[in-house]
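Notes follow the structure.
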Amino acid sequence: MVIKNLKKSLIFIFIVFFVNLFFKISTSEAISQKNYIEIKNYLSDLKTLNADFIQVSNDGSIRKGKIYITLPGKLRISYENPNDLLITSMGFWLVVQNRILKQTNNYPLSKTPLNDFLNQKLVLDKNNYKFKFHEENGIVTLRFLKTEKMVGTSFQLFFETNPIQLKKWEIIDEFDNKTSVLFQNLITGIENSNLLFFPEDFGEINDN
1 MVIKNLKKSL IFIFIVFFVN LFFKISTSEA ISQKNYIEIK NYLSDLKTLN ADFIQVSNDG
61 SIRKGKIYIT LPGKLRISYE NPNDLLITSM GFWLVVQNRI LKQTNNYPLS KTPLNDFLNQ
121 KLVLDKNNYK FKFHEENGIV TLRFLKTEKM VGTSFQLFFE TNPIQLKKWE IIDEFDNKTS
181 VLFQNLITGI ENSNLLFFPE DFGEINDN
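Quick note: the sequence shown uses the numbering used here, first residue 1, plus one each step.
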């Protein structure tokens with residue numbers, strides 16, 4: 001009788017353990033699925049983004065400035081203190097200008113990890129794009145894995161939850177050098193003048 005009751009108790013404990021485990025997994029998956037849908041909608045609905053930013057490079061150097069984005073394709077990154085660099089894009093070229101040296105270099109946007117984000121080609125479908133989600137302490141990381149489009153680089157977007165908002169992006173190059181851009185005072189939905197996205201007219205232009 002004692003052995004029979006012991007067996008029943010063990011079976012009950014076994015069932016309770018796996019029911020709880022299944023419930024925890026289901027809850028976790030439900031939260032991830034909720035954030036997945038919200039992030040997918042956020043990226044789909046995003047039209048403009050203006051923010052202050054803090055850029056931290058792999059060597060620990062820190063730069064600050066302002067960023068303006070109008071999708072698809074338009075980007076302006078203006079650095080401050082020193083006010084030496086300006087990066088602009090109208091959708092095809094990433095134009096990097098040194099205001100002090102009066103030099104301009106053009107890079108095909110399609111060869112940069114920012115291309116799919118700026119041109120609204122990010123489709124959160126594992127059949128179309130290789131990516132990974134990671135969720136911890138109210139921050140969701142969306143990492144796009146290295147593909148033929150992003151040779152030697154990886155690209156990550158970081159989102160705050162409740163509500164979903166883009167917090168940071170991070171680029172890692174082929175030498176594992178990491179550049180993080182943290183957004184502050186981020187505002188979406190403001191109409192930007194197209195004049196913001198034109199490069200300054202000076203100096204020799206080098207195409208790469």
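Glycine is no exception: its CB is placed at the ideal position from the N, C-alpha and C atoms.
Counting along the chain, where does the alpha helix (DSSP H) carrying residue i start and finish?
i: Ser32; result: Val2 to Asp45
Quick check on residue i: buried or exposed, where buried means 16 or more other Cβ atoms within 10 Å of its Cβ?
i: Ile39; result: buried
i: Asn83; result: exposed
i: Lys24; result: Reliability of the predicted coordinates at Lys24 is poor, the pLDDT of 34 falling under 50, and the value obtained from them is presented with this limitation in mind. By the 10 Å Cβ count, Lys24 comes out exposed.
i: Ser110; result: exposed
i: Gly211; result: Past the boundaries of the shown model lies residue 211; the chain is included only from 1 to 208, so the question cannot be answered.
i: Leu101; result: exposed
i: Ile215; result: There is simply no residue 215 to check, as the chain begins at 1 and stops at 208 in what is shown.
i: Gln165; result: exposed
i: Leu195; result: exposed
i: Asp176; result: exposed
i: Asn115; result: buried
i: Gln97; result: buried
i: Phe92; result: exposed
i: Phe53; result: buried
State the Cα-Cα distance for the pair residue i and residue j, rounded to the nearest angstrom.
i: Arg143; j: Ile172; result: 11 Å
i: Ser61; j: Thr48; result: 28 Å
i: Lys178; j: Ser154; result: 9 Å
i: Leu75; j: Pro163; result: 24 Å
i: Lys66; j: Asn192; result: 13 Å
i: Lys34; j: Thr112; result: 30 Å
i: Phe133; j: Gly73; result: 25 Å
i: Asp45; j: Thr88; result: 22 Å
i: Lys211; j: Val95; result: Any property of residue 211 remains undetermined from this structure, which presents the chain solely from 1 to 208.
i: Glu160; j: Arg63; result: 22 Å
i: Asn105; j: Asn119; result: 21 Å
i: Ala51; j: Ile187; result: 6 Å
i: Gln156; j: Phe202; result: 33 Å
Can you tell me where the beta strand (DSSP E) holding residue i begins and where it ends?
i: Asp116; result: Note, Asp116: premise wrong, no beta strand (DSSP E); alpha helix (DSSP H) at Asn115 to Leu118.
i: Ile164; result: Per DSSP, Ile164 belongs to no beta strand (DSSP E) and is neither H nor E.
i: Asn110; result: The residue asked about is misnamed: residue 110 is Ser in this sequence, not Asn. Neither: Ser110 is in no beta strand (DSSP E) and is coded neither H nor E.
i: Ile139; result: Ile139 to Phe144
From the DSSP output, read off the bridge partner residues of residue i.
i: Gly65; result: Phe53 and Tyr79
i: Ile172; result: Ser154 and Lys178
i: Ser193; result: In the DSSP output, where bridge partners are listed per residue, Ser193 has none listed.
i: Leu85; result: Asn98
i: Glu136; result: Ile139
i: Phe198; result: None, per the DSSP bridge assignment.
i: Phe92; result: Phe92 is not bridged to any residue.
Would the stretch 131-143 count as touching the stretch 66-82 if we require 3 or more Cβ pairs under 8 Å? No, the stretch 131-143 is not in contact with the stretch 66-82.
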